[in-house]
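Numbering (the UniProt record's numbering), first residue to last: 1 to 118.
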């Protein structure tokens with residue numbers, strides 16, 4: 001459901017898909033549902049894929065306050081939450097640093113916050 005009606009923004013190494021989602025339960029979530037994707041064709045080695053996912057998760061954890069603001073902006077009804085998918089699209093052989101991921105994640109979340117909900 002996220003991939004069929006999602007909007008996207010991208011930066012150097014990460015592409016973000018985001019869309020409001022309807023939850024089955026009647027509890028409103030203040031945090032978005034988040035997914036981290038690193039494709040096998042882009043990063044063939046499993047160790048490197050797992051490292052990149054860990055780096056993206058840590059960068060997201062540090063910028064979670066911006067993500068909460070994004071979720072608040074995009075979920076208007078009681079059963080809604082925001083779904084966010086972080087996709088690694090880097091084409092370089094070296095894995096970017098933690099600070100590089102943090103800057104990109106912060107910029108992408110702020111882009112989502114600036115975009116119009118409609």
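Ideal Cβ placement from N, Cα and C applies to all residues, glycine included. These numbers were taken from a predicted model, which means no experiment stands behind them.
Please name the residue in the options whose C-alpha comes closest to that of residue i.
i           : options            : result
residue 71  : 111, 15, 10, 12    : 111
residue 107 : 5, 16, 4           : 16
residue 7   : 20, 13, 14         : 20
residue 90  : 5, 33, 42, 4       : 42
residue 105 : 58, 46, 3          : 58
residue 60  : 10, 84, 114        : 84
residue 113 : 74, 88, 92         : 74
residue 11  : 117, 115, 116, 103 : 103
residue 9   : 96, 88, 97         : 88
residue 96  : 109, 69, 56        : 56
With a 10 Å radius around its C-beta and 16 neighbouring C-beta atoms as the bar for buried, classify residue i as buried or exposed.
i           : result
residue 13  : buried
residue 44  : exposed
residue 86  : buried
residue 35  : exposed
residue 22  : exposed
residue 101 : buried
residue 63  : buried
residue 117 : exposed
Grab the span of the alpha helix (DSSP H) containing residue i for me, first residue to last.
i           : result
residue 62  : 46-62
residue 106 : 98-114
In terms of residue numbering, what span does the beta strand (DSSP E) encompassing residue i cover?
i          : result
residue 86 : 80-88
residue 33 : 33-38
Less than 8 Å between the beta carbons of residue i and residue j, yes or no?
i          : j          : result
residue 66 : residue 53 : no
residue 32 : residue 81 : yes
Which residues does DSSP pair with residue i in a beta bridge?
i          : result
residue 19 : 83
residue 4  : Paired residue(s): none; residue 4 is not in a bridge.
residue 14 : 88
residue 9  : 16
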